[in-house]
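Quick mapping for you: the protein sequence lines, in order, are chains A and B.
Quick note on UniProt numbering: the first sequence kicks off at 1 and runs consecutively.
Quick note on UniProt numbering: the second sequence kicks off at 1 and runs consecutively.
Just so you know, even glycine gets a beta-carbon here, dropped at the ideal spot from N, CA and C.
Bear in mind the structure is a predicted one, so any value in this text is a computation, not a measurement.
Since the structure comes first, as structure tokens, the remarks are kept for the end.
There are 2 protein chains.
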Amino acid sequence: MGASRETILETIHKYVDLVATGTSADVVALYAEGATVEDPVGSDVLTTREQIAAFYATLDSLEQEGRLLFARVAGNEAAFSFELATRAGDQTFTLAPIDVMTFDDDGRITSMRAFWSGEDMLVS
Amino acid sequence: MGASRETILETIHKYVDLVATGTSADVVALYAEGATVEDPVGSDVLTTREQIAAFYATLDSLEQEGRLLFARVAGNEAAFSFELATRAGDQTFTLAPIDVMTFDDDGRITSMRAFWSGEDMLVS
Numbered sequence: 001m002g003a004s005r006e007t008i009l010e011t012i013h014k015y016v017d018l019v020a021t022g023t024s025a026d027v028v029a030l031y032a033e034g035a036t037v038e039d040p041v042g043s044d045v046l047t048t049r050e051q052i053a054a055f056y057a058t059l060d061s062l063e064q065e066g067r068l069l070f071a072r073v074a075g076n077e078a079a080f081s082f083e084l085a086t087r088a089g090d091q092t093f094t095l096a097p098i099d100v101m102t103f104d105d106d107g108r109i110t111s112m113r114a115f116w117s118g119e120d121m122l123v124s
Numbered sequence: 001m002g003a004s005r006e007t008i009l010e011t012i013h014k015y016v017d018l019v020a021t022g023t024s025a026d027v028v029a030l031y032a033e034g035a036t037v038e039d040p041v042g043s044d045v046l047t048t049r050e051q052i053a054a055f056y057a058t059l060d061s062l063e064q065e066g067r068l069l070f071a072r073v074a075g076n077e078a079a080f081s082f083e084l085a086t087r088a089g090d091q092t093f094t095l096a097p098i099d100v101m102t103f104d105d106d107g108r109i110t111s112m113r114a115f116w117s118g119e120d121m122l123v124s
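Below is the structure:
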């Protein structure tokens, strides 16, 4: 038995909120031991807790808003798009990736792969 | 060198159009030899051309409209959401999955995984 659809959707909602407004430690706590992160898809896969923490730490000092756009759950996996808006001075940088995640039986993330490329970044 | 972003987006557009309005043979022609299909994620993976053709043949007799909603390309892979509306008598069944695909150097599909579940089907 895997995690329920509701548990998986709850993790996804927390993830989007915490990536935008939580600390990197909050985000890392959503990941299971041994989890992997590939962001963007095609880049080196992060395989240790330290690497994943360092990756999210780059977001800690930024002023951001996150919004879940669209989520689809299938079995123990899910794909979802979300929008992350980062304000820097007078400018807002908006990126809306599609993330694919797998989950353990407790709804913790066991892998994350983020689909986006530089062309998808909007500046306003 | 993999397929270009433009070639991958072109294949995705063709896929959405042909799933809705083309023949199953048209759809299968977008797949590379040896491609795999897992639709929905968690179901048995189709590994032969005959299995993939049979899978899409179930759509051949249906009156459908397809619309690409959102696509993200990263390297030789992509994730995208699309809406497939099927009319049956007075009812319209609408499903909007998120598909994840990998592509060969010519932009042919080497694997497809579709994220959706029964809860995502809308009837109007």
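Top-ranked residue by Cα proximity to residue i, from the options
i, options, result
"residue 69 (chain A)", "B:63, B:60, B:81 and B:67", "B:81"
"residue 101 (chain A)", "A:86, A:8 and A:2", "A:8"
"residue 72 (chain A)", "B:72, B:22, B:98 and B:84", "B:98"
"residue 117 (chain A)", "B:29, B:75, B:111 and B:43", "B:75"
"residue 32 (chain A)", "A:113, A:120 and A:104", "A:104"
"residue 78 (chain A)", "B:110, B:91 and B:120", "B:120"
"residue 115 (chain A)", "A:51, A:43, A:92 and A:15", "A:43"
"residue 109 (chain A)", "A:67, A:41, A:47 and A:36", "A:36"
Strand pairing of residue i, partner residues [DSSP]
i, result
"residue 99 (chain A)", "A:80 and A:114"
"residue 46 (chain B)", "B:37"
"residue 2 (chain B)", "Residue 2 (chain B) pairs with nothing; no bridge assigned."
"residue 55 (chain A)", "In DSSP, residue 55 (chain A) forms no bridge with anything."
"residue 71 (chain A)", "A:80"
"residue 123 (chain A)", "A:93"
Chain B within 8 Å of residue i, Cβ atoms only
i, result
"residue 120 (chain A)", "yes"
"residue 42 (chain A)", "yes"
"residue 115 (chain A)", "yes"
Min CB distance residue i to chain A below 8 Å
i, result
"residue 109 (chain B)", "no"
"residue 126 (chain B)", "Summary: the structure shown does not reach residue 126 (chain B), with chain B confined to residues 1 through 124, and so no result is reported for it."
"residue 93 (chain B)", "no"
"residue 124 (chain B)", "no"
| query | Closer than 9 Å, Cβ to any Cβ of chain B: which residues of the segment 3-18 of chain A, in chain order? | reply | Against chain B - using a Cβ distance shorter than 9 Å - the residues of the segment 3-18 of chain A are 5.
| said: Between the segment 105-116 of chain A and the segment 2-19 of chain B, can you find at least three pairs of beta-carbon atoms closer than 8 Å? | reply: Between the segment 2-19 of chain B and the segment 105-116 of chain A, the count of Cβ pairs shorter than 8 Å is below three; the stretches do not touch.
| said: Assess contact between the segment 49-65 of chain B and the segment 84-99 of chain B, defined as three or more Cβ pairs (one per stretch) separated by less than 8 Å. Is contact present? | reply: Yes: at least three Cβ pairs fall under 8 Å.
| request: Below 7 Å between beta carbons is the criterion; list the residues of the segment 56-81 of chain B that meet it against any residue of chain A, in chain order. | output: Within the segment 56-81 of chain B, contact with chain A at the beta-carbon level (separation under 7 Å) is assigned to 70, 72, 73, 74, 75, 77, 78, 79 and 81.
| Just by C-beta distance, which residues in the segment 25-53 of chain A are closer than 8 Å to chain B? | Close to chain B, meaning a Cβ-Cβ distance shorter than 8 Å, are the following residues of the segment 25-53 of chain A: 40, 41 and 42.
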